[in-house]
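This report refers to the structure that appears directly beneath it.
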Amino acid sequence: MAKARTQFICQNCGTIHTRWVGKCEGCGEWNTIIEDDPTAGIGGGPSRAPKKGRPVALTTLSGEIEDAPRIQTGISELDRVTGGGFVRGSALLVGGDPGIGKSTVLMQAAAALSRRKHRVIYVSGEEAVAQVRLRAQRLGAADSDVLLAAETNVEDILATLSEGKRPDLVIIDSIQTLWSDIVDSAPGTVTQVRTGVQAMIRFAKQTGTAVVLVGHVTKEGQIAGPRVVEHMVDAVLYFEGDRGHHYRILRTVKNRFGPTDEIGVFEMSDKGLREVANPSELFLGERNEKSPGAAVFAGMEGTRPVLVEVQALVAPTSLGTPRRAIVGWDSARLSMILAVLEAHCGVRLGQHDVYLNIAGGYRISEPAADLAVASALVSSLAGLALPADCVYFGEVSLSGAIRPVAHTAQRLKEAEKLGFSQAVLPSASTELPKNGNGRWSEMESLPDLVARIAGSRNALRPVEDED
């Protein structure tokens with residue numbers, strides 16, 4: 001009889017080792033590796049003999065397509081992020097820093113669905129029933145018919161969910177507290193998390209119940225536990241935001257039933273999270289229009305255009321190595337922009353400290369912000385304020401050329417709606433609005449833009465005004 005294979009798993013990152021070692025090769029943590037039986041929790045255990053498989057029916061790609069049945073919460077920002085509401089029979093994972101609002105928004109969604117006559121069960125593994133009731137009273141959700149339980153055992157939770165009428169939505173807060181009798185390890189370990197998630201996903205697929213799992217995050221911002229958990233679920237949402245700011249962003253990074261890279265914007269208040277219908281006004285609400293080093297970037301988050309202010313400060317340094325401090329943008333991207341400015345535009349920043357901030361703690365991930373960042377840097381170095389009614393977007397290449405980006409028309413329409421009459425954009429841009437009233441300054445290279453900013457006290461003049 002073949003000997004059962006033994007493996008060792010890091011409880012911090014999930015890396016599998018063939019033998020025990022003191023330091024994990026994946027994350028570098030010490031004393032986090034434990035022995036794990038790969039057959040535990042699968043089927044009936046290691047002693048169960050495999051049965052002969054049965055052939056399954058094959059079909060073609062062509063055929064009728066049915067839309068996934070959804071449960072709309074009535075919270076428009078949450079429904080936008082999920083692609084139109086919770087899909088029946090799906091498993092959704094929500095992650096975020098402690099205290100950022102994960103439990104708050106899910107309690108609000110549970111109360112909204114309960115008022116719409118849906119059966120909702122909230123299972124808390126971290127808080128007692130009295131603590132959850134206090135939060136519900138603060139959020140104005142105590143009058144709803146949400147069913148509440150405080151339990152961490154997977155088998156007991158599944159037995160409770162199987163009794164009575166099938167629930168429409170189940171919220172598990174959180175997956176790190178679940179533990180199963182069939183696994184001999186402590187709650188929160190990789191094996192327990194994987195087993196608990198597998199059981200909840202199996203329940204969702206068999207009953208058609210939408211299951212929402214709350215996950216802790218590590219210090220790097222990733223959901224704690226094995227990465228396979230994010231592959232198992234149907235959708236992954238991340239809460240972003242800083243406790244020093246009053247808004248929160250719910251971002252989609254995976255969605256099998258809808259678009260990815262969508263965001264929902266919420267504002268934290270004493271009554272919970274309030275949805276923000278127009279986030280551009282929120283990010284631009286406290287602008288200083290006469291201050292150098294500030295440029296408005298017209299960005300895209302999924303299908304939604306968002307206008308946000310890029311702030312830059314360039315100051316002489318007294319250190320041998322100048323500082324580069326970045327908040328809300330990629331540090332490697334900033335280094336590239338600084339190199340292009342120095343190599344192709346003659347802008348010397350080697351003896352200056354550079355500080356870059358995205359207003360409101362917002363985080364930008366698309367390369368279309370290159371042009372806005374470069375404009376803000378040159379404006380701060382020259383001490384010239386950019387026009388208050390102008391937006392910037394475009395990707396800067398290593399040769400100094402300004403490359404076009406997608407969704408030009410949507411960016412310009414959002415800018416016009418908020419009162420911006422000028423825009424600096426790539427010259428090869430397509431999909432320009434036909435009936436737009438704004439003045440578009442199309443740029444081919446970054447040196448052209450630098451010359452305009454540095455050579456005029458008005459900071460910018462549209463192309464059509466020059467003869």
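Every letter in the sequence shown is one number past the one before it in UniProt numbering, and letter 336, counting from 1, is 336. Note that the Cβ used here is the ideal one computed from N, Cα and C, for glycine as well.
- Put simply, the segment 306–323 touches the segment 345–353. At least three CB pairs are less than 8 Å apart.
- Taking 9 Å as the cut-off, the beta carbon of residue 200 is found closer than this to the beta carbon of residue 211.
- Judged by DSSP in its simplified three-state form, residue 114 adopts helix.
- Assigned with DSSP and collapsed to three states, residue 298 falls in strand.
- Cβ neighbours of residue 316 within its own chain (closer than 7 Å, five residues either side excluded): 351 and 352.
- When DSSP states are grouped into helix, strand and coil, residue 370 belongs to the helix group.
- By alpha-carbon distance to residue 441, the top candidate from 161, 410, 391 and 431 is 391.
- Each residue's CA atom was taken as its position, placing residue 262 and residue 365 some 13 Å apart.
- Excluding the 5 residues flanking it on each side, residue 142 has same chain C-beta neighbours closer than 8 Å at 133 and 136, in chain order.
- Secondary structure note for residue 162: its alpha helix (DSSP H) is the uninterrupted segment 154–162.
- One alpha carbon belongs to residue 421, the other to residue 289, and they sit about 14 Å apart.
- Residue 254 has 236 as its beta-bridge partners, per DSSP.
- Distance check between residue 343 and each of 399, 309, 299 and 271 places 399 closest, using alpha-carbon atoms only.
- Look at residue 129 here: in three-state DSSP terms it is helix.
- In this structure, residue 105 lies away from residue 257, with their beta-carbon atoms at least 9 Å apart.
- Sequence-distant partners of residue 81 (beyond 5 residues in either direction) whose C-beta falls short of 8 Å from its own C-beta, in its chain, are 237, 250, 251, 252, 262, 263 and 264.
- Sorting 121, 279 and 229 by C-alpha distance to the C-alpha of residue 148 places 121 at the top.
- Per the coordinates, the alpha-carbon of residue 319 lies some 41 Å from the alpha-carbon of residue 32.
- When DSSP reads this structure, residue 283 sits in no beta bridge, so it has no partner.
- Taking the Cα of residue 427 as reference, the smallest distance to any Cα among 92, 97, 347 and 444 is reached at 444.
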